[in-house]
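Below is one structure, written out as structure tokens, with a few remarks after it.
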Amino acid sequence: MKLKFATREKPEDQTGTTRVSPLEFWLPKISWGVALIMVGFAGFVAFQKIPGLIKVEAPVPTPIPVSPIPEGSGGAPHMPDITVDNLISLSRAASLHTDKPDRPLDKIQHYLVQKGDSVFSISRQYDLEPESILWANFDVLQDDPQMLSVGVTLNIPPTDGVYYKVKKYDTLEKIASKYRVYVEDIVMWPGNKLDFVDPQIKEGQYLMIPGGTGEVRQWIVPDIAKGKSATIANSKIIGPGACETGDGGAVGTGGFIWPTNNAHKISGNDYWSGHLGIDIAALTGDYIKAADSGVVVYAGPIGGGYGNFVMIDHGNGYRTAYAHNNAVQVRCGQSVTQGQIIALAGSTGNSTGPHLHFEVRYFGGFINPWAVLQ
Numbered sequence: 017m018k019l020k021f022a023t024r025e026k027p028e029d030q031t032g033t034t035r036v037s038p039l040e041f042w043l044p045k046i047s048w049g050v051a052l053i054m055v056g057f058a059g060f061v062a063f064q065k066i067p068g069l070i071k072v073e074a075p076v077p078t079p080i081p082v083s084p085i086p087e088g089s090g091g092a093p094h095m096p097d098i099t100v101d102n103l104i105s106l107s108r109a110a111s112l113h114t115d116k117p118d119r120p121l122d123k124i125q126h127y128l129v130q131k132g133d134s135v136f137s138i139s140r141q142y143d144l145e146p147e148s149i150l151w152a153n154f155d156v157l158q159d160d161p162q163m164l165s166v167g168v169t170l171n172i173p174p175t176d177g178v179y180y181k182v183k184k185y186d187t188l189e190k191i192a193s194k195y196r197v198y199v200e201d202i203v204m205w206p207g208n209k210l211d212f213v214d215p216q217i218k219e220g221q222y223l224m225i226p227g228g229t230g231e232v233r234q235w236i237v238p239d240i241a242k243g244k245s246a247t248i249a250n251s252k253i254i255g256p257g258a259c260e261t262g263d264g265g266a267v268g269t270g271g272f273i274w275p276t277n278n279a280h281k282i283s284g285n286d287y288w289s290g291h292l293g294i295d296i297a298a299l300t301g302d303y304i305k306a307a308d309s310g311v312v313v314y315a316g317p318i319g320g321g322y323g324n325f326v327m328i329d330h331g332n333g334y335r336t337a338y339a340h341n342n343a344v345q346v347r348c349g350q351s352v353t354q355g356q357i358i359a360l361a362g363s364t365g366n367s368t369g370p371h372l373h374f375e376v377r378y379f380g381g382f383i384n385p386w387a388v389l390q
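Our numbering numbers the first residue of the sequence shown as 17 and each following residue consecutively.
And the structure:
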């Protein structure tokens, strides 16, 4: 026997509409409300994380005390006294000075040679190559830096190159070819004042050749080696300081010490193409020492601007030369040891002040002394 249960129908209101329970009525609305609250909260959190959105409260202004204007006063109104403490501001001092180049950009300057000057030191003063000083003063120096003397007036070019005096039959093409530049380099230089369309030059005119290079000539003491045949020949050509020497004597160590107590101090010319030695600082009478052991192959006065001169053959291909000495303390043919006093410093020959002109040669070729001095 089966039991049957009656189905419970949803009640209907009087109009015939099915009645809904309160839970079924409010549950969807509550769900939508919670969802809206969560979305709003998420938006608020995201808004707080956006950089740069910082709440700044405006400062509350401080009232400024104002004095009332007396009635009937005919004068100007009284302005309040305002004091600002700890005021921080930027200020710039006015300057009427304008920096300008040390020398004209396209004109020749002139310099009077002073005691202690050298072509090298003058060139450094004007930020030029020493060769440019030589090539701007051929009439005075004859391309030889040893010809510099106190009281001489030098031309200082506005840039590196050659300052040239036009000769008869010269053309711009010949001049440009001689000094290894283009004709346009000469024509376009403003200081030359040449017509760009039809440039004309004349004898005696001076031209600045920017970037030009010429020949550097200098008087050089011939390389003197020890040995009977060499010294006899040299004594007839060079001067009274040469002598006949044998093949023996002291031999160098291969290392060179500074010949004065002023190591690494230059006074005058450094080593460059027109000056194949260095001028080491020294006072008159300072001791000059042999840079290495060897045999003296010349000791005495010599021509060409070197003054009192000493040369040492070190017996290993090296020879050293010492010029402008006030006095020589060794004799030709004498063996000397490294560090031995050979002369006293001075300013003999073509020199603008006391110093030691020092050279190093290797099998007749010149070496920069900086490369071997210890």
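Here a beta-carbon is modelled for each residue, glycine too, at the ideal position from N, C-alpha and C.
Apart from the five residues on each side of it in sequence, which residues of its chain come closer than 7 Å, Cβ to Cβ, to residue 284?
-> As a first step, residue 284 is located in the sequence shown; it is residue number 268 there, counting from the start. The answer, listed in chain order, is 134, 136, 137, 295 and 371.
At least three beta-carbon pairs within less than 8 Å, the region 260 to 275 to the region 340 to 347 = no
Taking all protein chains shown into account, do 16 or more other C-beta atoms lie within 10 angstroms of the C-beta of residue 242, making it buried, or fewer, making it exposed?
-> The residue labelled residue 242 in the question sits at position 226 within the sequence shown. Residue 242 is buried by the Cβ-count criterion.
Are the CB atoms of residue 228 and residue 197 nearer to each other than 9 Å?
-> Residue 228 sits at position 212 when you count from the first residue of the sequence shown. Residue 197 sits at position 181 when you count from the first residue of the sequence shown. Contact: yes.
Got a sec? Which residues, its chain only, sit under 8 Å from residue 104 by beta carbon, not counting five neighbours each side?
-> Numbered from 1 along the sequence shown, position 88 holds the residue referred to as residue 104. Since pLDDT at residue 104 reaches only 46, below the 50 mark, its modelled position is unreliable, and the value read off the structure follows with that caveat. Around residue 104: no qualifying Cβ.
How long is the line joining the alpha carbons of residue 297 and residue 369, rounded to whole angstroms?
-> Residue numbering aside, residue 297 sits at position 281 when the sequence shown is read from its first letter. Residue numbering aside, residue 369 sits at position 353 when the sequence shown is read from its first letter. Residue 297 and residue 369: Cα-Cα distance of roughly 10 Å.
Can you grab the Cα-Cα spacing for the pair residue 125 / residue 373, in whole Å?
-> Translated into positions along the sequence shown, residue 125 becomes position 109. Translated into positions along the sequence shown, residue 373 becomes position 357. Computed Cα separation, rounded: 29 Å.
Answer with buried or exposed for residue 128, where buried requires no fewer than 16 other C-beta atoms within 10 angstroms of its C-beta.
-> Position 112 of the sequence shown, counting from 1, holds the residue named residue 128. Exposed, by the Cβ-count rule.
Completely contained alpha helix (DSSP H) runs for the region 133 to 168, where each covers 4 or more residues = 135 to 141, 146 to 151 and 154 to 157
Pick out whichever of 363, 380 and 351 has its Cα sitting closest to the Cα of residue 317.
-> Locating residue 317 in the sequence shown gives position 301, where the first residue counts as 1. Among 363, 380 and 351, the Cα nearest to that of residue 317 belongs to 363.
Which residues share a DSSP beta bridge with residue 353?
-> Here residue 353 is taken as the residue at index 337 of the sequence shown, counted from 1. Note: residue 353 sits in no beta bridge, so no partner.
Roughly how many whole angstroms lie between the Cα atoms of residue 390 and residue 181?
-> Translated into positions along the sequence shown, residue 390 becomes position 374. Translated into positions along the sequence shown, residue 181 becomes position 165. Cα to Cα, residue 390 sits roughly 45 Å from residue 181.
Would you list the residues sitting across from residue 181 in a DSSP beta bridge?
-> Here residue 181 refers to the residue found at position 165 of the sequence shown. In DSSP, residue 181 forms a bridge with 222.
Alpha-carbon spacing of residue 178 relative to residue 194, whole angstroms = Position 162 of the sequence shown, counted from the start, is the residue given in the question as residue 178. Position 178 of the sequence shown, counted from the start, is the residue given in the question as residue 194. Approximately 11 Å between the Cα atoms of the pair.
Any idea which residues DSSP pairs residue 295 with across the strands?
-> On the sequence shown, position 279 is the one that residue 295 refers to. According to DSSP, which records beta bridges pairwise, residue 295 is partnered with 373.
Which partner residues of residue 305 appear in the DSSP bridge assignment?
-> What you label residue 305 is simply residue 289 of the sequence shown in a count that begins at 1. In the DSSP output, where bridge partners are listed per residue, residue 305 has 357.
Looking at the unbroken beta strand (DSSP E) that takes in residue 329, where does it start and where does it end?
-> Residue mapping note: residue 329 aligns to position 313 of the sequence shown, counting from 1. 323 to 329 is the extent of the beta strand (DSSP E) around residue 329.
Going by CA-CA distance only, name the one from 319, 336 and 312 that's closest to residue 293.
-> For this step, residue 293 is matched to residue 277 along the sequence shown. Of the listed residues, the one whose Cα sits closest to residue 293 is 336.
Just the C-alpha distance for residue 356 and residue 305, rounded to the nearest angstrom, thanks.
-> The residue labelled residue 356 in the question sits at position 340 within the sequence shown. The residue labelled residue 305 in the question sits at position 289 within the sequence shown. Cα-Cα distance, rounded: 5 Å.
Same chain only: Cβ atoms within 7 Å of residue 175, ignoring 5 sequence neighbours per side = Here residue 175 corresponds to residue number 159 of the sequence shown, with the count starting at 1. These residues qualify, in order along the chain: 226.
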